[in-house]
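Colleague:
There are 2 protein chains.
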Amino acid sequence: MECRFFSSKCMTMSEIAHIEKTNSSQLSSFRPLVEVKSTPRFCSCRGMSAKASHSSTPNNTYVPKKALSSVDEEKIGAGNLLYQVNGTNSSLFSRNLRMLDAFDDEYGGVIVDSERLPANPNVFASMLRFSISHWKAKEKKGIWLKLPVEKSDLVPVAVKEGFEYHHAERGYVMLTYWLPEGPSKLPANASHQVGVGGFVINENNEVLVVQEKYCAPPFSGLWKIPTGFIVESEEIFTGSVREVKEETGIDTEFVEVVAFRHVHNVAFEKSDLFFICMLKPLSTQIMVDDHEIQAAKWMPLVEFVEQPLIQQDCMFKRVIDICIARLGKRYCGLSVHQLASTFDGKTSSLYYNVVDSQHNNCIGN
Amino acid sequence: MECRFFSSKCMTMSEIAHIEKTNSSQLSSFRPLVEVKSTPRFCSCRGMSAKASHSSTPNNTYVPKKALSSVDEEKIGAGNLLYQVNGTNSSLFSRNLRMLDAFDDEYGGVIVDSERLPANPNVFASMLRFSISHWKAKEKKGIWLKLPVEKSDLVPVAVKEGFEYHHAERGYVMLTYWLPEGPSKLPANASHQVGVGGFVINENNEVLVVQEKYCAPPFSGLWKIPTGFIVESEEIFTGSVREVKEETGIDTEFVEVVAFRHVHNVAFEKSDLFFICMLKPLSTQIMVDDHEIQAAKWMPLVEFVEQPLIQQDCMFKRVIDICIARLGKRYCGLSVHQLASTFDGKTSSLYYNVVDSQHNNCIGN
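Chains as they are written, first to last, in the working numbering: chain X, 1 to 365; chain F, 1001 to 1365.
#1: Would F304 of chain X count as contacting chain F if we go by Cβ distances under 8 Å?
#2: Under DSSP, the beta strand (DSSP E) around I293 of chain X begins and ends at which residues?
#3: Short of 9 Å Cβ to Cβ, which residues in the region 1304-1319 of chain F face chain X?
#4: Give me the DSSP bridge partner(s) of Y1351 of chain F.
#5: Exposed or buried, P308 of chain X, counting other C-beta atoms within 10 Å across all chains shown (16 or more means buried)?
#6: Does the Cβ of K151 of chain X have 16 or more other Cβ atoms within 10 Å, making it buried, or fewer, making it exposed?
#7: Going by beta carbon distance, what residues of the same chain come within less than 6 Å of V305 of chain X, once the five residues before and after it are set aside?
#8: Counting Cβ pairs, one atom from each stretch, are 3 or more of them under 8 Å apart for the region 1234-1253 of chain F and the region 201-214 of chain X?
#9: What residues in its chain sit with their C-beta under 7 Å from that of L1334 of chain F, if we drop five residues either side in the sequence?
#10: H192 of chain X and A1102 of chain F: beta carbons closer than 8 Å?
#11: Between F254 of chain X and chain F, is any beta-carbon pair separated by less than 8 Å?
#12: Is there a C-beta anywhere in chain X that falls below 8 Å from the one on A1188 of chain F?
#13: Give every residue of the same chain whose Cβ lies closer than 6 Å to the Cβ of P180 of chain X, excluding the five residues on either side of it in the sequence, and list them in chain order.
#14: Got a sec, what are the start and stop residues for the beta strand (DSSP E) W1178 of chain F sits in?
#15: Along chain X, in chain order, which residues have C-beta atoms closer than 8 Å to that of V1194 of chain F?
#16: Between X:I201, X:I143, X:I132, which lies nearest to I324 of chain X when the distance is taken from Cα to Cα?
#17: Which chain F residues sit within Cβ distance under 8 Å of V149 of chain X?
#18: Is the region 1124-1138 of chain F touching the region 1157-1174 of chain F in the sense that three or more CB pairs, one from each, lie closer than 8 Å?
#19: Quick one: complete beta strand (DSSP E) runs, 3+ long, within the region 92-153 of chain X?
#20: State the Cα-Cα distance for the pair I1322 of chain F and T342 of chain X, rounded to the nearest angstrom.
#21: Can you name the residues that DSSP bridges to F254 of chain X?
#22: Tell me the rounded alpha-carbon separation between S1240 of chain F and V1231 of chain F.
#23: With DSSP run on the structure shown, which of helix, strand or coil describes D321 of chain X?
#24: Compute the distance between the beta-carbons of E164 of chain X and V1173 of chain F, then report whether it is under 8 Å.
#25: For a test of the three-state rule: what should DSSP assign to T284 of chain X, helix, strand or coil?
#26: Which value, in whole angstroms, describes the spacing of the CA atoms of L327 of chain X and G195 of chain X?
#27: I want to verify the contact list: residues of chain F whose CB lies under 7 Å from the CB of R129 of chain X, in sequence order.
#28: Determine the contact status of I111 of chain X and E212 of chain X, defining contact as a CB-CB distance below 8 Å.
#29: Using only the alpha-carbon positions, how far apart do L1100 of chain F and Y1177 of chain F sit?
#30: Pull up the distance between the alpha-carbon of S1283 of chain F and that of F1199 of chain F, whole angstroms please.
#31: Below 9 Å on C-beta distance, what does I111 of chain X contact in chain F?
#32: If you measure from the beta carbon of N1353 of chain F to each beta carbon in chain X, is any gap under 8 Å?
#33: Give the secondary structure of Q311 of chain X by DSSP, where H, G and I count as helix, E and B as strand, and everything else as coil.
#34: Can you say whether K1224 of chain F is buried or exposed, counting buried as having 16 or more other CB atoms within 10 angstroms of its CB?
#35: Does V1241 of chain F come within less than 8 Å of chain X when only Cβ atoms are used?
#36: Below 8 Å on C-beta distance, what does I236 of chain X contact in chain F?
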């Protein structure tokens, strides 16, 4: 598998995401020789030297993009192109007609330029077919083809040529083609969703609890801690504070992740990581979110624990036991530490506990 | 946001995944009235009462699926269908022709039956258009449309009718349509990839380290711990052991997660959670994986830490400091505990530390 952290090994996905971003701005200005400037990445050292030469000219002769782009080619018409694809004419003109704009990646693969795709499915089919045969001859490995939603006409064409879906976001679908024999070694799609729960307890030993608005009969009446999914690029420590605020109106401060749960096949066969966070209340006045929450209140800890639905469930009970142990200083959760790495120039969040910080300067925050 | 854990609130995605799985077996046997039997879910109580009535009959009159399916309709031809879509014939026959097979979900939405889609794009276009207008009239909310790769011809049709991509896996793309005004409230796609690193140290205070085979110059020569991504539905504790075994041939036993790192925008704008695991070696003889690894060895801890690339990077250094503190018993990581929950009948992994297990039976494993 792809390696990361402590790693001099790269992440293909990371590199591709980076190349895509870089290209979109660079290509639009029609620079003569496109050089992808990679910022160093903590987890992907190969990504740092990403080679991004155009592969639209089979013999590596440079052809100014402005002179002959996929878009220009299209004006000439599919019929003309189809003829040339099967022909042997090796002039600069016909050679350029037949290949999709693309970049080599550092793994022996190719990234098709999603900003320079032809709109006409027939033109695309011909170019794609010719490109694949060229890439095969060059012993290329993985082909990455990102089709924006406005080019959805090209999806069935790519599938017919052997591409598979890799992942999709609202605005595009990414397809891949693994050219060598044997199973694809391309990195997998995102595999997890991440949720957070906020355990908020005040000085009177009361827990902040909510009742969901829409609830199946077996669970109606259950008082639970506020929970939710973190949103794109959100931190666990901010996500837990946000969820509590949204559902109850209570301001809190993140203290620690006290435990996390890992479970599989919960959503479209994806896995789920759920972080239980200890939060310190900064306000007292509850304001319920009418959309999601039926009621919220401060509930005595004993009463909260004694709910039959919690007593009957060993997972629920264990989590509450952990939170109680944490309150009694018999437990140390993981606090968050923002650290930059010179490897990618990025600041990330490292969660770890500090048991003996007074005597061990190494791991103090 | 959707809530989970301690939660009586449901996960739409979870429910849908479940309904899909259940339907695929139930529908193929053409049961007269399809009832989706939901197993209780730890995190989705609304999912437990998922209503799965067919919405292919606008007035809820039951029409046996075998008698008139989308597939049968297709045999009649697109032209005939198109006429009827715009016509006013309200007979059972024509009404059934015009709607896609679908199920109501518990959130006021609709899940199109992906196993009973017409193959002909024109037929599909007409049925989809008619279905959307019907669902709008019924004030439905989110529409879920899963198109298998072999029905990729239907993708541009759905996009033209207003559908957006939601996510994709190798064999299908999922599209959604949020019918009400305002932004979609459908749950998001998976947001994270999850990696693991194995810190393995033997009785001689030597760390198990590897050199990657393909490495950009700035990192050539760096000795690092074995790392990798966990595969679909794999546990963190088994994934870390597997990666170490694959890269070095060393058998290990999982001890603890000592820390984890959270970083964003690493792959297709997804986030990354990386778990540093302390592992206990069970063998000594190294066998290098030739595909990924250049070299592997047992390296004195002092030598490992003193590598300039590690000394210069505060993230690397901090993680090693944590591992060293753990070795000196000045740190407690999170051990894994397999727990079943009566809420979903599932066993999942709960990671937490046990600081004072002798005096606190509640949280002992």
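We put the CB at the ideal spot given by N, CA and C, even for glycine.
Modeller: In this structure, then:
#1: Taking Cβ atoms only, chain F never reaches closer than 8 Å to F304 of chain X, which makes this a no.
#2: Start and end: 293-300.
#3: Under the 9 Å Cβ criterion, the region 1304-1319 of chain F contributes L1309, I1310, Q1312, D1313, C1314, M1315, F1316, K1317, R1318, V1319.
#4: In the DSSP output, where bridge partners are listed per residue, Y1351 of chain F has X:F260, F:V1336.
#5: Burial state of P308 of chain X is exposed, judged by a 10 Å Cβ sphere holding fewer than 16 other Cβ atoms.
#6: With a threshold of 16 other beta carbon atoms within 10 Å, K151 of chain X meets it and is buried.
#7: The answer, listed in chain order, is I320.
#8: Flag = no, the region 1234-1253 of chain F and the region 201-214 of chain X do not touch.
#9: So the qualifying residues of the chain are E1256, V1257, Y1351, Y1352, N1353.
#10: At least 8 Å separates the beta-carbon of H192 of chain X from that of A1102 of chain F.
#11: Interface flag for F254 of chain X against chain F is unset, since no Cβ pair is found closer than 8 Å.
#12: Yes, A1188 of chain F lies at the interface with chain X (some Cβ there is under 8 Å from its Cβ).
#13: Excluding positions up to five away in sequence, the list reads K141.
#14: It spans 1172-1178 - the beta strand (DSSP E) in which W1178 of chain F sits, taken as one unbroken run.
#15: Chain-order list of chain X residues neighbouring V1194 of chain F: S191, H192, S271, L273, by C-beta distance under 8 Å.
#16: For the options X:I201, X:I143, X:I132, the alpha carbon positioned closest to that of I324 of chain X is the one of X:I201.
#17: Going along chain F in sequence order, the residues near V149 of chain X (Cβ under 8 Å) are V1159, E1164, Y1165.
#18: Yes, since at least three Cβ pairs between the region 1157-1174 of chain F and the region 1124-1138 of chain F fall closer than 8 Å, the two stretches touch.
#19: Counting only runs of 3 or more, we get 102-104, 110-112, 142-148.
#20: Approximately 19 Å between the Cα atoms of the pair.
#21: According to DSSP, which records beta bridges pairwise, F254 of chain X is partnered with X:L279.
#22: In a straight line, the C-alpha of S1240 of chain F is about 11 Å away from that of V1231 of chain F.
#23: Here D321 of chain X sits in helix by DSSP.
#24: Not closer than 8 Å, so no.
#25: Taken through DSSP and simplified to helix, strand or coil, T284 of chain X comes out as coil.
#26: The alpha-carbon atoms of L327 of chain X and G195 of chain X are separated by roughly 22 Å.
#27: Here the premise fails: no neighbours, minimum Cβ distance about 16 Å.
#28: No. Outside cutoff.
#29: Roughly 15 Å separates the two Cα atoms.
#30: Approximately 14 Å between the Cα atoms of the pair.
#31: The contacting residues do not exist; I111 of chain X stays about 12 Å from chain F at best.
#32: It does: the Cβ of N1353 of chain F has a partner Cβ on chain X nearer than 8 Å.
#33: Collapsing the DSSP output to three states places Q311 of chain X in a helix.
#34: Residue environment for K1224 of chain F: buried (at least 16 other C-beta atoms within 10 angstroms of its C-beta).
#35: Taking a beta-carbon distance threshold of 8 Å, V1241 of chain F does not count as an interface residue toward chain X.
#36: Here the neighbours are H1262.
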